[in-house]
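A.B. asks: Handing you a structure now.
There are 2 protein chains.
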Amino acid sequence: MRLLNHIGRLYTGTRLGVVENAVLAIEGDRIAWAGPAEPGPPQEVRTRIEEEDSCGGALVTPGFIDAHTHPVYAGDRMAEIAQRSAGESYENIAGAGGGIGATVAATRQEPARELRELVAGRLSAWLRDGTTTIEAKTGYHLEREGELDAVGILTELGLDPSLPRVESTFLGAHAVPPGGVADTFIDEVVEWCGPAAAAGARFCDVFCDEGYFSVPQSRKVLAAGKRAGLIPRIHADELAHSGGSLLAAELGAQSADHLLYADEDDARALAEAGVVATLAPGTALAMGRMPPVHTFLDAGVTLALGTDHNPGTCGATSMSLVVALAVAAFGLSVDEALAAVTVGGARSLGLKDRGTVEAGKLADLVVWDAEHEGAFAWSYGLAPLEVMLGGRVTAR
Amino acid sequence: MRLLNHIGRLYTGTRLGVVENAVLAIEGDRIAWAGPAEPGPPQEVRTRIEEEDSCGGALVTPGFIDAHTHPVYAGDRMAEIAQRSAGESYENIAGAGGGIGATVAATRQEPARELRELVAGRLSAWLRDGTTTIEAKTGYHLEREGELDAVGILTELGLDPSLPRVESTFLGAHAVPPGGVADTFIDEVVEWCGPAAAAGARFCDVFCDEGYFSVPQSRKVLAAGKRAGLIPRIHADELAHSGGSLLAAELGAQSADHLLYADEDDARALAEAGVVATLAPGTALAMGRMPPVHTFLDAGVTLALGTDHNPGTCGATSMSLVVALAVAAFGLSVDEALAAVTVGGARSLGLKDRGTVEAGKLADLVVWDAEHEGAFAWSYGLAPLEVMLGGRVTAR
Numbered sequence: 008m009r010l011l012n013h014i015g016r017l018y019t020g021t022r023l024g025v026v027e028n029a030v031l032a033i034e035g036d037r038i039a040w041a042g043p044a045e046p047g048p049p050q051e052v053r054t055r056i057e058e059e060d061s062c063g064g065a066l067v068t069p070g071f072i073d074a075h076t077h078p079v080y081a082g083d084r085m086a087e088i089a090q091r092s093a094g095e096s097y098e099n100i101a102g103a104g105g106g107i108g109a110t111v112a113a114t115r116q117e118p119a120r121e122l123r124e125l126v127a128g129r130l131s132a133w134l135r136d137g138t139t140t141i142e143a144k145t146g147y148h149l150e151r152e153g154e155l156d157a158v159g160i161l162t163e164l165g166l167d168p169s170l171p172r173v174e175s176t177f178l179g180a181h182a183v184p185p186g187g188v189a190d191t192f193i194d195e196v197v198e199w200c201g202p203a204a205a206a207g208a209r210f211c212d213v214f215c216d217e218g219y220f221s222v223p224q225s226r227k228v229l230a231a232g233k234r235a236g237l238i239p240r241i242h243a244d245e246l247a248h249s250g251g252s253l254l255a256a257e258l259g260a261q262s263a264d265h266l267l268y269a270d271e272d273d274a275r276a277l278a279e280a281g282v283v284a285t286l287a288p289g290t291a292l293a294m295g296r297m298p299p300v301h302t303f304l305d306a307g308v309t310l311a312l313g314t315d316h317n318p319g320t321c322g323a324t325s326m327s328l329v330v331a332l333a334v335a336a337f338g339l340s341v342d343e344a345l346a347a348v349t350v351g352g353a354r355s356l357g358l359k360d361r362g363t364v365e366a367g368k369l370a371d372l373v374v375w376d377a378e379h380e381g382a383f384a385w386s387y388g389l390a391p392l393e394v395m396l397g398g399r400v401t402a403r
Numbered sequence: 008m009r010l011l012n013h014i015g016r017l018y019t020g021t022r023l024g025v026v027e028n029a030v031l032a033i034e035g036d037r038i039a040w041a042g043p044a045e046p047g048p049p050q051e052v053r054t055r056i057e058e059e060d061s062c063g064g065a066l067v068t069p070g071f072i073d074a075h076t077h078p079v080y081a082g083d084r085m086a087e088i089a090q091r092s093a094g095e096s097y098e099n100i101a102g103a104g105g106g107i108g109a110t111v112a113a114t115r116q117e118p119a120r121e122l123r124e125l126v127a128g129r130l131s132a133w134l135r136d137g138t139t140t141i142e143a144k145t146g147y148h149l150e151r152e153g154e155l156d157a158v159g160i161l162t163e164l165g166l167d168p169s170l171p172r173v174e175s176t177f178l179g180a181h182a183v184p185p186g187g188v189a190d191t192f193i194d195e196v197v198e199w200c201g202p203a204a205a206a207g208a209r210f211c212d213v214f215c216d217e218g219y220f221s222v223p224q225s226r227k228v229l230a231a232g233k234r235a236g237l238i239p240r241i242h243a244d245e246l247a248h249s250g251g252s253l254l255a256a257e258l259g260a261q262s263a264d265h266l267l268y269a270d271e272d273d274a275r276a277l278a279e280a281g282v283v284a285t286l287a288p289g290t291a292l293a294m295g296r297m298p299p300v301h302t303f304l305d306a307g308v309t310l311a312l313g314t315d316h317n318p319g320t321c322g323a324t325s326m327s328l329v330v331a332l333a334v335a336a337f338g339l340s341v342d343e344a345l346a347a348v349t350v351g352g353a354r355s356l357g358l359k360d361r362g363t364v365e366a367g368k369l370a371d372l373v374v375w376d377a378e379h380e381g382a383f384a385w386s387y388g389l390a391p392l393e394v395m396l397g398g399r400v401t402a403r
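So the sequence lines, in the order shown, correspond to chains A and B. Residue numbers for the first sequence follow the numbering used here, beginning at 8 and rising by one. Residue numbers for the second sequence follow the numbering used here, beginning at 8 and rising by one.
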């Protein structure tokens with residue numbers, strides 16, 4: 008058993024809140040004990056300590072959880088991003104061969120092995136930035152074999168001990184593929200749910216919004232996913248108030264994401280159904296519209312946060328930057344934002360073994376280059392000193 | 008003479024715009040030639056090339072210019088930042104010994120040698136992040152000797168070849184010191200302008216706003232600064248529409264900063280007087296209010312950008328992050344934001360020898376980990392591969 012001592016502040020995410028001058032015992036891949044250095048762990052824990060490491064007074068938190076990402080893609084849309092920033096419409100860019108169509112073309116052409124390496128490189132960046140669990144979606148193939156390969160890549164990389172833990176989401180219904188027809192495509196996606204579950208996907212997601220898939224189409228896919236054992240999550244009310252939140256509540260989805268146009272009724276429905284609201288401040292800033300964060304909190308909705316890393320708008324892999332943006336742009340307190348990237352993230356992914364620092368949980372931990380959690384709001388991308396995955400130091 | 012070749016895209020900031028497949032010749036600390044690889048430099052330049060280095064197809068820009076920073080401080084206000092994010096008022100925090108008063112107390116207590124080391128450490132971070140020139144203000148001593156020492160530290164560090172170039176600003180009138188009276192303190196600050204100029208300050212700044220200094224008080228300090236040879240710049244219209252922009256125009260200030268409450272009349276006045284609008288997106292986000300960026304652009308005001316690095320709200324040192332925030336939060340195009348951190352920054356600091364890539368300018372250059380400038384908006388903190396200061400590689 009190993010003891011981490013001289014933890015200046017330990018953000019537990021439990022009823023203990025933040026413990027000053029804390030210690031933490033790790034056995035195998037789990038936390039054996041966490042609490043104040045005085046009086047410290049009970050005798051039966053203390054006698055089993057074989058090794059002690061000092062955190063030098065630094066802040067320790069659970070490993071961060073990024074609850075919304077799209078990392079399985081090839082190609083680069085930087086020129087398009089510059090054009091869009093200069094006022095060119097997404098429609099014109101897509102019409103000229105850009106937009107998601109460009110990523111789909113590049114991703115389909117990428118050999119599986121090279122695609123796997125691209126994704127692995129991205130996942131490493133998340134871990135270096137302090138994220139130990141990441142939700143990752145498919146959705147840039149939009150054809151059967153490619154979508155299933157993408158699930159396979161995520162499943163395989165999720166087992167690599169040098170990368171963060173991955174929860175994979177089958178997002179076959181990300182967009183209508185080039186030349187496709189929405190209703191016909193939805194019928195195909197419905198058929199892919201079973202194989203996607205067999206390939207290791209845990210969630211099924213759909214882009215339910217204006218210009219993408221309607222509520223009935225989304226319901227069809229998510230219901231098929233459920234029958235195949237995939238837990239529903241949903242891109243909801245991002246581009247318009249299009250009904251995705253209510254569908255999430257109806258289906259008992261694990262998470263409804265983005266929610267820029269959600270209202271009080273939506274918030275109440277999400278709260279009653281226990282659906283987590285997974286929000287992406289980077290995307291909200293890019294869209295110039297903020298989700299009704301305080302309406303969610305007042306209604307009792309659990310919040311999670313995500314980078315929404317994707318090739319078209321956001322390349323961020325730092326959840327500590329996302330915490331800063333959530334404080335600055337959403338008006339969350341540092342504590343609310345930290346809860347959203349730890350406990351809230353675990354709820355968004357339906358995981359009971361992580362997201363807090365307490366006995367029995369996975370020893371996924373980050374020692375930060377700071378003495379107080381206020382530094383997340385100040386630093387705009389606070390860096391880890393050390394990242395632990397199941398008690399092993401993976402990045403430093 | 009050294010040739011940088013295989014520059015995928017060269018952002019020049021001149022009428023050449025972005026040159027694809029470019030080369031750049033450096034002689035001593037200056038750019039000797041820059042332009043397309045074909046046909047390349049003229050014969051008389053070509054014959055003097057002794058060394059060639061490949062940029063591997065990467066994007067090259069002028070070194071970034073951070074036109075608004077407060078790096079001369081000691082102490083840490085992270086706990087207060089967390090409290091403020093949870094809704095505690097600045098007044099209550101200041102009343103309990105926090106706020107700027109806490110920084111003033113910590114900074115006054117810090118021995119000059121240690122303070123110098125703190126500032127040097129911060130300046131290194133800017134250079135690593137791709138900033139080669141930084142405007143840096145005093146203003147956390149608020150007493151004669153300390154303020155002059157702070158100018159001295161900035162002047163000395165600005166000569167250190169391992170740090171970015173520093174343009175130092177005397178901001179004695181940053182706030183009324185604890186126990187002080189505004190009018191009396193202003194009379195003192197007026198007396199310090201001459202010695203501040205002698206110690207190496209180039210600019211004089213004042214916090215002209217509600218709860219800080221009035222327009223008449225600000226005019227008094229900036230006029231005294233001018234008589235002492237200090238160029239005026241001003242914190243203006245940040246907390247209220249309090250008249251700072253018009254004062255900047257009246258005095259022919261080099262820059263008016265923040266400007267969250269400025270209006271169309273202010274924009275017109277700034278444009279006519281040639282005052283640069285120096286904006287800080289991190290601060291604007293934290294204040295929950297955006298400056299009228301497009302009103303400035305429509306009026307023909309030159310924009311610059313700054314981190315506004317300071318101990319109370321923002322610890323960012325990355326101007327590439329500031330570019331991303333300016334695109335996301337201000338709605339600037341990538342080109343407009345890049346102009347603001349290069350040419351615009353040079354104008355904000357009244358410097359004619361940098362900010363563009365062309366013959367005769369300082370060879371302050373950054374090779375970025377990207378092939379297209381759209382990556383600044385995508386990456387939220389794009390990293391340099393190499394930072395050059397007067398042609399020397401200083402950070403990699």
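Yeah, the Cβ is synthetic: ideal placement off N, Cα and C, and Gly gets one too. No experiment lies behind these values; they were computed from the predicted model shown.
Report all residues from its chain with a CB closer than 7 Å to the CB of residue 381 of chain B; omit the five preceding and five following residues, and keep chain order.
C.D. replies: Stepping through the second sequence from its first residue, residue 381 of chain B is reached at position 374. 341, listed in sequence order.
A.B. asks: So what's residue 253 of chain B in DSSP terms, helix, strand or just coil?
C.D. replies: Counting from one through the second sequence, the residue named residue 253 of chain B turns up at place 246. If DSSP states are grouped into helix, strand and coil, residue 253 of chain B belongs with the helices.
A.B. asks: Could you tell me how far apart the beta carbons of residue 184 of chain A and residue 154 of chain A are, in whole angstroms, since I believe they sit closer than 8 Å?
C.D. replies: The residue given as residue 184 of chain A occupies position 177 in the first sequence. The residue given as residue 154 of chain A occupies position 147 in the first sequence. Actually they are not in contact, since the Cβ atoms of residue 184 of chain A and residue 154 of chain A sit about 10 Å apart, beyond 8 Å.
A.B. asks: I need the straight-line Cα distance from residue 191 of chain B to residue 266 of chain A, nearest angstrom please.
C.D. replies: Within the second sequence, residue 191 of chain B is the residue found at index 184, counting from 1. Within the first sequence, residue 266 of chain A is the residue found at index 259, counting from 1. Rounded to whole angstroms, residue 191 of chain B to residue 266 of chain A spans 53 Å at the Cα level.
A.B. asks: Should the region 236 to 247 of chain B be regarded as contacting the region 209 to 222 of chain B, the criterion being three or more beta carbon pairs within less than 8 Å?
C.D. replies: yes
A.B. asks: Since residue 348 of chain A and residue 71 of chain A should fall inside the 8 Å C-beta cutoff, what is the C-beta to C-beta distance between them, to a whole number of angstroms?
C.D. replies: Numbered from 1 along the first sequence, position 341 holds the residue referred to as residue 348 of chain A. Numbered from 1 along the first sequence, position 64 holds the residue referred to as residue 71 of chain A. Yes, residue 348 of chain A and residue 71 of chain A are in contact; Cβ-Cβ is about 5 Å, under 8 Å.
A.B. asks: List, in chain order, every chain B residue whose beta-carbon is nearer than 9 Å to that of residue 342 of chain A.
C.D. replies: Residue 342 of chain A sits at position 335 when you count from the first residue of the first sequence. Result: 89, 92, 93.
A.B. asks: Can a CB atom of chain B be found closer than 7 Å to the CB of residue 20 of chain A?
C.D. replies: Along the first sequence, one-based indexing puts residue 20 of chain A at 13. So, not an interface residue.
A.B. asks: Go through its chain and collect everything with a Cβ distance to residue 308 of chain A's Cβ below 7 Å, but skip five positions before and after it.
C.D. replies: Sequence index remark: in the first sequence, residue 308 of chain A carries index 301 (1-based). Once the five neighbours on either side are set aside, the close Cβ partners of residue 308 of chain A are 274, 277, 278, 284.
A.B. asks: At least one CB of chain A closer than 7 Å to the CB of residue 385 of chain B: is that the case?
C.D. replies: In the second sequence, residue 385 of chain B corresponds to position 378, counting from 1. Interface residue, yes.
A.B. asks: Hey, residue 78 of chain A and residue 126 of chain A: beta-carbon distance below 7 Å or not?
C.D. replies: Position 71 of the first sequence, counted from the first residue, corresponds to residue 78 of chain A. Position 119 of the first sequence, counted from the first residue, corresponds to residue 126 of chain A. The Cβ atoms of residue 78 of chain A and residue 126 of chain A lie closer than 7 Å to each other.
A.B. asks: Using a 10 Å radius around the Cβ and a threshold of 16 neighbouring Cβ atoms, would you call residue 91 of chain B buried or exposed?
C.D. replies: The count along the second sequence starts at 1 and reaches residue 91 of chain B at position 84. The residue is buried, with at least 16 neighbouring Cβ atoms inside 10 Å.
A.B. asks: Is any beta-carbon of chain B found at less than 7 Å from that of residue 253 of chain A?
C.D. replies: Locating residue 253 of chain A in the first sequence gives position 246, counting from the first residue. Not an interface residue.
A.B. asks: Scan the region 361 to 384 of chain B for residues whose Cβ lies nearer than 8 Å to a Cβ of chain A and list them as they occur along the chain.
C.D. replies: 377, 378, 379, 380, 381, 382, 384
A.B. asks: Which runs of the beta strand (DSSP E), 3 residues or longer, sit entirely within the region 111 to 188 of chain A?
C.D. replies: 138 to 144, 172 to 180
A.B. asks: Identify the continuous beta strand (DSSP E) that holds residue 311 of chain B and give its terminal residues.
C.D. replies: Here residue 311 of chain B corresponds to residue number 304 of the second sequence, with the count starting at 1. Unbroken beta strand (DSSP E) run through residue 311 of chain B: 310 to 312.
A.B. asks: The beta strand (DSSP E) spanning residue 265 of chain B covers which residue range?
C.D. replies: Mapped onto the second sequence, residue 265 of chain B falls at position 258. Residue 265 of chain B -> beta strand (DSSP E) spans 262 to 265.
A.B. asks: With which residues is residue 45 of chain B paired in a DSSP beta bridge?
C.D. replies: If you number the second sequence from 1, residue 45 of chain B lands on position 38. In the DSSP output, where bridge partners are listed per residue, residue 45 of chain B has none listed.
A.B. asks: Are the C-beta atoms of residue 85 of chain B and some chain A residue less than 7 Å apart?
C.D. replies: As a working note, residue 85 of chain B is residue 78 in the second sequence. By this cut-off, residue 85 of chain B is an interface position.
A.B. asks: Please confirm if the region 12 to 31 of chain A is in contact with the region 383 to 390 of chain A, defined as three or more CB-CB distances below 8 Å between the two stretches.
C.D. replies: no
A.B. asks: From what residue to what residue does the alpha helix (DSSP H) around residue 97 of chain A run?
C.D. replies: Here residue 97 of chain A refers to the residue found at position 90 of the first sequence. Following the DSSP letters along the chain, one finds residue 97 of chain A inside the alpha helix (DSSP H) bounded by residues 97 to 102.
A.B. asks: To the nearest angstrom, how far is the alpha carbon of residue 130 of chain B from that of residue 68 of chain A?
C.D. replies: Translated into positions along the second sequence, residue 130 of chain B becomes position 123. Translated into positions along the first sequence, residue 68 of chain A becomes position 61. Between residue 130 of chain B and residue 68 of chain A, the C-alpha separation is close to 28 Å.
A.B. asks: Determine contact between the region 24 to 44 of chain B and the region 319 to 331 of chain B, defined as no fewer than three beta-carbon pairs at a distance below 8 Å.
C.D. replies: no
A.B. asks: Quick check: the region 52 to 66 of chain A against the region 114 to 124 of chain A, are at least 3 beta-carbon pairs closer than 8 Å?
C.D. replies: no
A.B. asks: Using alpha carbons as the reference points, say which of B:271, B:238, B:236 lies closest to residue 253 of chain B.
C.D. replies: The residue you call residue 253 of chain B lines up with position 246 of the second sequence. Ranking the options by Cα distance to residue 253 of chain B, first place goes to B:271.
A.B. asks: Please confirm if the region 216 to 231 of chain A is in contact with the region 164 to 180 of chain A, defined as three or more CB-CB distances below 8 Å between the two stretches.
C.D. replies: Remark: three or more beta-carbon pairs, one from each stretch, lie closer than 8 Å, so the region 216 to 231 of chain A and the region 164 to 180 of chain A are flagged as touching.
A.B. asks: Is the beta carbon of residue 365 of chain B sitting closer than 7 Å to the one on residue 66 of chain B?
C.D. replies: For the purposes of this step, residue 365 of chain B is identified with residue 358 of the second sequence, where counting begins at 1. For the purposes of this step, residue 66 of chain B is identified with residue 59 of the second sequence, where counting begins at 1. Not closer than 7 Å, so no.
A.B. asks: Can you tell me whether residue 376 of chain A is helix, strand or coil according to DSSP?
C.D. replies: Within the first sequence, numbered from 1, the residue matching residue 376 of chain A stands at position 369. Coil.
A.B. asks: Got a sec: is the Cβ-Cβ distance from residue 82 of chain B to anything in chain A below 7 Å?
C.D. replies: Start at 1 with the first residue of the second sequence, and residue 82 of chain B comes out as number 75. Residue 82 of chain B does not count as touching chain A.
A.B. asks: Name the chain B residues whose beta carbon is nearer than 8 Å to that of residue 2 of chain A?
C.D. replies: Since the first residue shown for chain A is 8 and the last is 403, residue 2 of chain A is missing from the structure and cannot be characterised.
A.B. asks: Going by beta carbon distance, what residues of the same chain come within less than 8 Å of residue 247 of chain A, once the five residues before and after it are set aside?
C.D. replies: Working through the first sequence from its first residue, we reach residue 247 of chain A at position 240. If we look at residue 247 of chain A and ignore the five residues flanking it on each side, its Cβ neighbours are 216, 217, 268.
A.B. asks: Which partner residues does residue 61 of chain A have in the DSSP bridge list?
C.D. replies: Along the first sequence, one-based indexing puts residue 61 of chain A at 54. Within the DSSP bridge table, the entry for residue 61 of chain A names A:12 as partners.
A.B. asks: Cβ closer than 7 Å: which chain B residues qualify as neighbours of residue 170 of chain A?
C.D. replies: Here residue 170 of chain A refers to the residue found at position 163 when the first sequence is read from its first residue. Correct list: empty, because the minimum Cβ distance to chain B is about 21 Å.
A.B. asks: Which residues in chain A have a C-beta closer than 7 Å to the C-beta of residue 292 of chain B? List them in chain order.
C.D. replies: Position 285 of the second sequence, counted from the start, is the residue given in the question as residue 292 of chain B. Result: 335, 336.
A.B. asks: Under three-state DSSP, which class holds residue 56 of chain B?
C.D. replies: For the purposes of this step, residue 56 of chain B is identified with residue 49 of the second sequence, where counting begins at 1. Assigned with DSSP and collapsed to three states, residue 56 of chain B falls in coil, not helix or strand.
A.B. asks: For residue 328 of chain A, go through chain B and note every residue whose CB falls closer than 9 Å to its CB, in chain order.
C.D. replies: Start at 1 with the first residue of the first sequence, and residue 328 of chain A comes out as number 321. 328, 387, 388, listed in chain order.
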